[in-house]
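2 protein chains.
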Amino acid sequence: MGPVRAGDGPVKSGAGELEGVLEAARRIAVPTEYEERRLRTVAERVLRAVEEAFRGVEGHVRTTLEGSAAKGTWIRSRPEVDVFVHFSPGVGRELLEKMVVERGSRALEDIGASWRLRYADHPYVEGFLGDVTVNVVGCYATEPGKWLSPVDRTPYHTRYVLSRLDDRLRTEIRLAKAFMRGIGVYGAELRISGFSGYLTELLVLRFNGFLELLRDGSGWRPGKAIDMTGTFTEEELRALFPNSPLIVTDPVDRNRNVASAVSLTRFSEFVLASRLFLSSPSLSFFDPRPPFRGDVRPLLGCLMAVRLRDLPSLPADTLWGEVLKFCRSVERRLQREGFVVRRWAAESNGDEVLLLFDIESLELPPLELRVGPPVWLRNAEDFVGEHLRDQLTVAGPWVSGERLYVLKRRALRSARDLLLRWIERGEVSVPKDVAPSIRSAEVFEVTEERLRELRESGYSAFLDAFIDGRPPFLR
Amino acid sequence: MGPVRAGDGPVKSGAGELEGVLEAARRIAVPTEYEERRLRTVAERVLRAVEEAFRGVEGHVRTTLEGSAAKGTWIRSRPEVDVFVHFSPGVGRELLEKMVVERGSRALEDIGASWRLRYADHPYVEGFLGDVTVNVVGCYATEPGKWLSPVDRTPYHTRYVLSRLDDRLRTEIRLAKAFMRGIGVYGAELRISGFSGYLTELLVLRFNGFLELLRDGSGWRPGKAIDMTGTFTEEELRALFPNSPLIVTDPVDRNRNVASAVSLTRFSEFVLASRLFLSSPSLSFFDPRPPFRGDVRPLLGCLMAVRLRDLPSLPADTLWGEVLKFCRSVERRLQREGFVVRRWAAESNGDEVLLLFDIESLELPPLELRVGPPVWLRNAEDFVGEHLRDQLTVAGPWVSGERLYVLKRRALRSARDLLLRWIERGEVSVPKDVAPSIRSAEVFEVTEERLRELRESGYSAFLDAFIDGRPPFLR
């Protein structure tokens, strides 16, 4: 078996091929001069409008451009402008939030942008001007180490990266971000649990290039630790962040792991994609094919859907945190009952979330082997007494090794019926904000007809990706 | 839930009830005076005939009565006479065997007994005189510790037990043996892997009574060690016999575990039965009910039979050793393939053995989740390459946690077809003496029709017991 190729078609090996792929990738990642100019114009316009809106406001210190637009590290077709309004530490948090919402939205209206409120650690205003996304965020003007809110670090991040950038590295960062996006690991939000833009920038700076990052990354194992501050050994970092597959200290705050959001799965996907790209470079890592394997028939009888409706408006990470907690709890409960859960996934769509569980069989076998206690435990007699003349007992109890066993007829066998009962009885985790949606959830087997309905309800891409099963870089 | 009662019907609690049960049990266990007299008559007749047959034979030292007939510890309706022919150590093994076979059989013919050859460690002659079984066994007249064959210890065993017996203990031993037999753990042969007569005698001597043995036994845990020689601590014995659930040193050979044949299952059955008997005495522990639950329908689709025919004439333990090795190997292979083997059993019938496997489903699900290597292992790329565009791949490969997974269509799904292939390819253990029978074995699902056929072929009691599942003392 030769090296694996993601993507079909003839690909020639060697340095020329790699350079060709990178050249094409740069066209995907690096904005044109026209796009650069347009973003700069928008950024300056927003900055001026926000400055204007906050002029003379007590406690307002300054207004700055931050993030990828300030650093020139944004990737093509994803233009985004972050404007930060800095307040002096004496201003109360509530007041700060109120001002940002009121005056930030007014500033956006003044330049003709539509806007909506969004929530991270605290509320901010998200606006849209043409194809550019604009964020107006409030922060405190603090010294490092005296952070009052998580975003207070951002201006220092911008300064740190800018002080180390040159044009070559700017392009390398853009390649890296486009790669992360292409393979599906880009984004620190809980729904993705991948690599943030800032993390990607630090990694490229650390290894001094995109390919250099991939070369190192292709050899990473979970618990990989990179100190950007010259303070810790790898062992110390692993002890400090024992559950992180990837640890990258923040140059502006040595006690923080910039990669804390990265899940083991996203970490592993990055490692595998790095290896595959290096052994077989292809543009498909930057520009993945859509899901391919469209035949759902082999999976019929295996797919259970849970449709949560009327979810509350909450910060995305809060909502996803609860949804994922529910999913994991359902997975564990199904496994404990004897179901083989092969995989699951969740997708949001407006105020809905659709959960899919791929289960070896949606019906448990009619009989269940119950494993009892060792005969020398006190409750061995109880086990015998409970099952010996029970109506549902089919064979036994018997002794094998040191334990008791009994074969019982199952009262309830369908994953759907069991899940509904568990929700009702609180035998799965039902987090509070999503509880009403879970209690009224529609739980059903995905038949061909149901599949058609779901496709028509906006879940088509999600269903295709789930049925295909492959991450983007293996399509 | 009250204490468990094995057996139905009203049972009064208290000492009077226990005494009543023991009284009835004694009638089962202790021979009548008439039976005692008759056995003594038979024993003397056989002894004289054998003595006569070996008179003047060079190297012949003496002929003695051994075993339960000599000790008066045989249980009612199981009369058995063991006559030992002692040779001086200078006699070659082959000559000894030849003499025992030739002259032993002649002696039995002389008194009108039918006979056949049997094999344990070496051949002996088994005869039948009325309802009494007679064994003529050759041994060496050696000093303890200078054993030349395993049966050389037997005369010392007889002497040891006789020197410690009185009439009360004789009855207690008979009760204990009848209990062991009733609960299905009596017999050291591999097919049973239970308690030998000698072991039972030692245990009753040690605890000075039947109930006292049960009281102690009901608290045993695997690794229980009893030193009959005042030499070792429990810890030392466990270190000497690390895999034995029960260790009882031999008073005539301190380095030997008299309980080495006892399997963990038989050990545990004895512990459980002791507890249940003490909390709820019943005659059914001595005189078990036949299997009861006769309805096979819930098990249809779960039972696979393997019928081994034309098995060679071999010592029972040799044959069973190979058959059980094959069974365990099949169980492990089935489990590795994804089958849930709930239990299995084997029964012999003439030169045949029938194996039954109770499997959650005789067909594996159409799809199989294959677990691949962690992404950081060298062979991760091979796994991707092998499955990415394979015809049988239904979904994936994908990454979850640090590993790769893929969902495949199964080529072969039936337990029967797979087992036949494994036998053909040597993927299960095929011990040499039984190999021809395994290679030509009939493997089939037990349908109602097949069940009828098997019942008519002499497996009725075995099938009933298997379908019921309970050990005798829980029926």
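Just so you know, the sequences run in chain order A and B. Per numbering that gives the first Met the number 0: the first sequence = residues 0 to 474. Per numbering that gives the first Met the number 0: the second sequence = residues 0 to 474. Note that the Cβ used here is the ideal one computed from N, Cα and C, for glycine as well.
Report the CB separation of residue i from residue j in whole angstroms; it is logged as a contact under 8 Å.
i, j, result
"V433 of chain B", "V305 of chain B", "About 11 Å separates the two Cβ atoms, so there is no contact after all."
"V82 of chain A", "L64 of chain A", "6 Å"
"T157 of chain B", "G71 of chain B", "That pair is no contact at about 11 Å."
"V135 of chain A", "V124 of chain A", "4 Å"
"R237 of chain B", "I246 of chain B", "7 Å"
"G126 of chain A", "A112 of chain A", "4 Å"
"E57 of chain B", "T132 of chain B", "No, E57 of chain B and T132 of chain B are not in contact; Cβ-Cβ is about 30 Å, not under 8 Å."
In terms of residue numbering, what span does the alpha helix (DSSP H) encompassing residue i cover?
i, result
"Y33 of chain B", "32-53"
"V60 of chain A", "Counting along the chain, V60 of chain A falls outside any alpha helix (DSSP H), though it belongs to the beta strand (DSSP E) covering 59-65."
"A394 of chain A", "That residue, A394 of chain A, is in no alpha helix (DSSP H); its beta strand (DSSP E) goes 392-399."
"K176 of chain A", "166-182"
"Y197 of chain A", "196-206"
"L318 of chain A", "315-336"
"I74 of chain A", "Careful: I74 of chain A lies outside any alpha helix (DSSP H) and carries neither H nor E."
"A414 of chain A", "414-424"
In the DSSP assignment, find the beta strand (DSSP E) that holds residue i and state where it starts and stops.
i, result
"H121 of chain A", "That residue, H121 of chain A, is in no beta strand (DSSP E); it is neither H nor E in DSSP."
"R253 of chain A", "252-256"
"W139 of chain A", "This sequence places Tyr at residue 139 of chain A; Trp is not what is there. Start and end: 131-139."
"A260 of chain A", "Where A260 of chain A is concerned, there is no enclosing beta strand (DSSP E), given that its DSSP letter is neither H nor E."
"P287 of chain B", "Neither: P287 of chain B is in no beta strand (DSSP E) and is coded neither H nor E."
"R306 of chain B", "302-307"
"G371 of chain B", "366-373"
Could you check the C-alpha separation between residue i and residue j for me, to the nearest Å?
i, j, result
"R327 of chain A", "K431 of chain B", "50 Å"
"E93 of chain A", "L213 of chain A", "44 Å"
"L310 of chain A", "S436 of chain A", "6 Å"
"L318 of chain A", "G400 of chain A", "48 Å"
"D286 of chain B", "G181 of chain B", "6 Å"
"E51 of chain A", "D109 of chain A", "10 Å"
"S459 of chain B", "Y33 of chain B", "35 Å"
"S148 of chain A", "M98 of chain A", "16 Å"
"S76 of chain B", "F194 of chain B", "19 Å"
"D350 of chain A", "S439 of chain A", "14 Å"
"R402 of chain B", "W375 of chain B", "9 Å"
"A175 of chain B", "R332 of chain B", "39 Å"
"G384 of chain A", "D463 of chain B", "22 Å"
"E423 of chain A", "Y404 of chain A", "30 Å"
"R377 of chain B", "L271 of chain A", "11 Å"
"L363 of chain B", "E200 of chain A", "49 Å"
"M0 of chain B", "S278 of chain B", "Reliability fails at M0 of chain B, whose pLDDT of 33 lies under 50, so the model's placement of it is uncertain and no value is given."
"F461 of chain B", "E447 of chain A", "47 Å"
"F291 of chain A", "F338 of chain A", "28 Å"
"R369 of chain A", "K407 of chain A", "7 Å"
"R255 of chain B", "S243 of chain B", "12 Å"
"V29 of chain B", "E35 of chain B", "9 Å"
"N348 of chain A", "G457 of chain A", "7 Å"
"E18 of chain A", "L275 of chain A", "16 Å"
Tell me which residues share the same chain as residue i and place their Cβ nearer than 6 Å to its Cβ, disregarding the 5 neighbours each side in the sequence.
i, result
"A69 of chain A", "T157"
"P2 of chain A", "Because P2 of chain A carries a pLDDT of 39, less than 50, the predicted location of this residue cannot be relied on, and no value is offered for it."
"G218 of chain A", "none"
Grab me the residues of residue i's own chain with a C-beta within less than 8 Å of its C-beta, minus the 5 sequence neighbours each way, in chain order.
i, result
"Y159 of chain B", "P250, V251"
"G300 of chain A", "S360, L361, E444"
"R449 of chain B", "A304, F443"
"A410 of chain A", "L391"
Among residues of its own chain, excluding the 5 on either side of residue i, which ones have a beta-carbon nearer than 7 Å to its beta-carbon?
i, result
"L418 of chain A", "V329, V442"
"V203 of chain A", "L168, E171, I172, A175, F209, L212"
"S413 of chain B", "L361, E362"
"G320 of chain B", "L189"
"V340 of chain A", "E330, L333, Q334, F356, I358"
"S192 of chain B", "A260, V261, S262, R265"
"A394 of chain A", "L406"
Would you verify that the beta carbon of residue i is, or is not, closer than 8 Å to some beta carbon of chain D?
i, result
"L213 of chain A", "Structure shown: chain D not included; protein chains present are A and B."
For the stretch 349-380 of chain A, which residues have a CB atom closer than 8 Å to at least one CB atom of chain B, in sequence order?
D357, E359, S360, P364, P365, L366, L368, P373, V374, W375, A379, E380
For the stretch 386-414 of chain B, which residues have a CB atom closer than 7 Å to at least one CB atom of chain A, in sequence order?
L387, V393, A394, G395, P396, W397, V398, S399, G400, E401, L406, R408
What residues from the stretch 180-205 of chain A come within 8 Å of chain B, judged by C-beta to C-beta, listed N to C?
none
Scan the stretch 451-472 of chain B for residues whose Cβ lies nearer than 7 Å to a Cβ of chain A and list them as they occur along the chain.
I466, D467, G468, R469, P470
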